[in-house]
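**Q** Questions regarding the structure given below will be posed in turn.
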């Protein structure tokens, strides 16, 4: 992990976060392969470490969730996933949504390293430092059959499609509803969090409670929510961001830019801006990324001002 810091030239440089030692893969207690993280309203970073170094299976303690106090610069708590909770070979811990009100967090596991996929959701209770895996290899968390998509008329991927399970995940502003999508698919699913916080809820009850909140005009990768009843989702095939209104259940195109190729992660700024990371992931996976003279920047952070306040806001 890195953070941007001002450099002597007036620009910015990358600095290891939280430290060089924590980013050393030889450090048994360190971070191995962080993909998703969330900063909550208490300035605690919930760091989701999928653990796979260069795609290799995890060793014990590699796949984990670390809670890091940014202000005090110290670790508060961690949870190391067992093989039953996040398969050492198959899991791909992708993203996380955090509920400060109850101390729960919700994790999307894309399960991409095995065929068939091992998609699923993980519910974490920070109060007891325990987890429960739900909807493992369900139709709600695995890739939708025969789903293909293009980005700017380019098929994704060269080899005949991308297969990814549960990916984007978001928590409503009132913390009562969990939303998620499978990257390989265009359905927005939801569940009441009350069911998920009760670890003794029967799996069949959970599966029967899944609601198709919307059929989306594009598949999505990153998701987030504001505190006013809106869910924001990146739109991979539309070069932008979509918005889902919880009250009307309508989906609209919210942001578009022809160079916003593979919009991935979404994050909130304290001034109400929504930040979008785009990374041309499909081009990189195909081995076609030009690092020397790209026609447009390969990696970008976009700022959309005046959108609203994060779902984590009190």
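In the working numbering, the protein residues as written are 106 to 419. By construction, the Cβ of each residue, glycine as well, lies at the ideal position given by its N, Cα and C atoms. Source: prediction; values computed, not measured.
What do you get for residue 190, buried or exposed, if any count of 16 or more other CB atoms within 10 angstroms of its CB means buried?
**A** Looking up residue 190 in the chain shown gives position 85. By the neighbour-count rule (16 or more Cβ atoms within 10 Å), residue 190 is buried.
**Q** If I measure Cβ to Cβ from residue 315 and keep anything under 7 Å in the same chain, skipping five residues before and after, which residues do I get?
**A** Here residue 315 corresponds to residue number 210 of the chain shown, with the count starting at 1. For residue 315, where only same-chain residues beyond five positions count, the Cβ hits under 7 Å are 245, 294, 296.
**Q** Going by the C-beta, is residue 393 closer than 7 Å to any heavy atom of the ligand SAH?
**A** What this structure holds is no ligand at all, so the ligand SAH is not there to describe.
**Q** Excluding the 5 residues flanking residue 308 on each side, which residues of the same chain have their C-beta closer than 7 Å to its C-beta?
**A** As a first step, residue 308 is located in the chain shown; it is residue number 203 there, counting from the start. Closer than 7 Å at Cβ, skipping near neighbours: 239.
**Q** Mind checking whether residue 98 and residue 203 have CB atoms under 8 Å apart?
**A** For residue 98 there is no data in the structure shown, the boundaries of the chain being 106 and 419.
**Q** Rounded C-beta distance between residue 224 and residue 291? I'm assuming under 8 Å.
**A** Walking along the chain shown from the start, residue 224 turns up at place 119. Walking along the chain shown from the start, residue 291 turns up at place 186. About 15 Å separates the two Cβ atoms, so there is no contact after all.
**Q** If I'm right that residue 332 touches residue 254 with Cβ under 8 Å, what's the distance once you round it to whole angstroms?
**A** Position 227 of the chain shown holds residue 332. Position 149 of the chain shown holds residue 254. Actually they do not touch by this definition, with Cβ atoms about 31 Å apart.
**Q** Out of 357, 118, 129, 360, which has the shortest C-alpha to C-alpha gap to residue 139?
**A** Taking the first residue of the chain shown as position 1, residue 139 is located at position 34. Nearest of 357, 118, 129, 360 to residue 139, Cα basis: 129.
**Q** If you count every other CB in all the chains shown that lies within 10 Å of the CB of residue 353, and 16 or more means buried, which is it?
**A** As a first step, residue 353 is located in the chain shown; it is residue number 248 there, counting from the start. Residue 353 should be labelled exposed.
**Q** Could you tell me how far apart the beta carbons of residue 108 and residue 122 are, in whole angstroms, since I believe they sit closer than 8 Å?
**A** Translated into positions along the chain shown, residue 108 becomes position 3. Translated into positions along the chain shown, residue 122 becomes position 17. Indeed they touch by this definition, with Cβ atoms about 4 Å apart.
**Q** Check residue 120 in the structure and name its three-state DSSP category.
**A** For the purposes of this step, residue 120 is identified with residue 15 of the chain shown, where counting begins at 1. Looking at residue 120 - three-state DSSP - the assignment turns out to be strand.
**Q** Report the rounded CA-to-CA distance for residue 365 versus residue 305, giving the unit in angstroms.
**A** Stepping through the chain shown from its first residue, residue 365 is reached at position 260. Stepping through the chain shown from its first residue, residue 305 is reached at position 200. Approximately 43 Å, taken between the alpha carbons.
**Q** Tell me the DSSP secondary structure of residue 205 in three-state form.
**A** To locate residue 205, count along the chain shown from 1; it is residue 100. Three-state result, residue 205: coil.
**Q** Considering only C-alpha positions, which residue in the set 259, 349, 277 is nearest to residue 342?
**A** Taking the chain shown and counting its residues from 1, one reaches residue 342 at position 237. The option with the nearest alpha carbon to residue 342 is 259.
**Q** Grab the span of the alpha helix (DSSP H) containing residue 311 for me, first residue to last.
**A** Stepping through the chain shown from its first residue, residue 311 is reached at position 206. Run containing residue 311: 308-314, per the alpha helix (DSSP H) assignment.
**Q** Return helix, strand or coil for residue 128, following the three-state DSSP convention.
**A** Taking the chain shown and counting its residues from 1, the one referred to as residue 128 is at position 23. Reduced to three states, the DSSP call for residue 128 is helix.
**Q** Quick one: residues in its chain with C-beta nearer than 8 Å to the C-beta of residue 281, no 5 flanking neighbours on either side, listed in chain order?
**A** Within the chain shown, residue 281 is the residue found at index 176, counting from 1. Around residue 281: 297, 298, 299.
**Q** Determine the DSSP secondary structure at residue 136, reduced to helix, strand or coil.
**A** Taking the chain shown and counting its residues from 1, the one referred to as residue 136 is at position 31. If DSSP states are grouped into helix, strand and coil, residue 136 belongs with coil.
**Q** For residue 195, count neighbouring Cβ atoms within 10 angstroms of its own Cβ and tell me buried if that reaches 16, exposed if not.
**A** Along the chain shown, one-based indexing puts residue 195 at 90. Flag for residue 195 reads buried.
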